[in-house]
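Report on the following structure.
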């Protein structure tokens, strides 16, 4: 395989003469598989995991979100290379066994049953919701477009740009997409009423390729694509998120309170429709307990089932990555891109989220509960929160 072809397929090649170390020889590997949208978050967590008692080496392969469940459905093993991160956060490559390895967990930005060929989650595999990601339709910063509706997405991505005839997105060569294993595609397809396998556009393979394709387009007014919002946020110098109007809405909303904010207010309060929790999938015993103790620790850190060790500021990592901890949400849904209902977490952290993500909040600062009012009586993370 030539290097240009390998790059086009998103494969990682070691430099000539360099052999990647076996993943199994890492001190304490936990192997995951899933989509590329979650890699920036996992990279930050992986680096911090080296600094805790009983460190974990987080190994991850990212061929596409739906691979995070299909390997458990098919009972196959993963092969080739995977990535892991050292204590400085530098991405490294390791080799999986030639005979394959069983993944310890899968990670998807949508529910596994939405993936093609997955009619049900297999017996012995359980789902564990984690932090929330949202999905962004994106345009080049050279484009004048600021919003898009679900109806427009339906015509553009359902029929193709030229046939859809929704100006200015009428050029098929500027309609960028992913394949049906992409969580972003599945979520946006659900929102617009398009079967994921019928979604049109040029499959660019990865989130970063999507950013490059849209951001560097020579016909920017016609260029349209989509990524997870945290990836869009990291690339605001070249692309911008389009405000999105869901089918039952009369106007469009950004994920944040405005186009330049980072507060994810419209996701958190239900105005922005395109969001999902990251879902972890892992083998469990008859009591629903994750079988592998190290995988149990790792996923438990995300879900709150395991106490956070010193050296793992997971709440800060999640917020700084552009994702949303469940404790900052005010709405929830049981179906992917389905109906919303009011939600109050066990220990709300919305004030702290706003302070860290947006740099400001209207909430009262505190050093203890006695400094808070009756409306927000609990001091959490330095701010007065509701019970």
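In mature numbering (1 follows the signal peptide of the UniProt record, and there is no 0), the protein residues as written are -20 to -1, 1 to 367.
From the three backbone atoms N, C-alpha and C, an ideal C-beta is built for every residue, glycine too.
- Bounds of the alpha helix (DSSP H) holding residue 131 are 130 to 139.
- Contact between residue 262 and residue 105 holds, with the beta-carbon distance rounding to 7 Å and staying under 8 Å.
- For residue 277, no beta strand (DSSP E) segment is defined; the enclosing uninterrupted segment is the alpha helix (DSSP H) at 273 to 283.
- The C-alpha of residue 179 is placed about 16 Å away from the C-alpha of residue 46.
- By the Cβ criterion, the stretch 264 to 277 is not in contact with the stretch 325 to 343, since fewer than three pairs of Cβ atoms, one from each stretch, lie closer than 8 Å.
- Here residue 74 is buried. Its C-beta has 16 or more other C-beta atoms within 10 Å.
- By the 16-neighbour rule on beta-carbons within 10 angstroms, residue 141 is buried.
- DSSP places residue 87 in the uninterrupted beta strand (DSSP E) bounded by 85 to 88.
- Taking each of 87, 4, 308, 29 in turn and checking the Cα distance to residue 14, the smallest one comes out for 87.
- Segment contact: the stretch 127 to 145 against the stretch 235 to 245, fewer than three CB-CB distances shorter than 8 Å; contact not assigned.
- For residue 75, the enclosing beta strand (DSSP E) begins and ends at 71 to 75.
- The continuous alpha helix (DSSP H) containing residue 195 extends over residues 187 to 195.
- Listed in chain order, the beta strand (DSSP E) runs fully inside the stretch 198 to 261 are 205 to 208, 219 to 221, 223 to 225, counting runs of at least 3 residues.
- Under the three-state reduction of DSSP output, residue 336 falls in the helix class.
- In the DSSP annotation of this structure, residue 292 is not part of any alpha helix (DSSP H), being labelled neither H nor E.
- Here the C-alpha atom of residue 296 lies approximately 24 Å from the C-alpha atom of residue 72.
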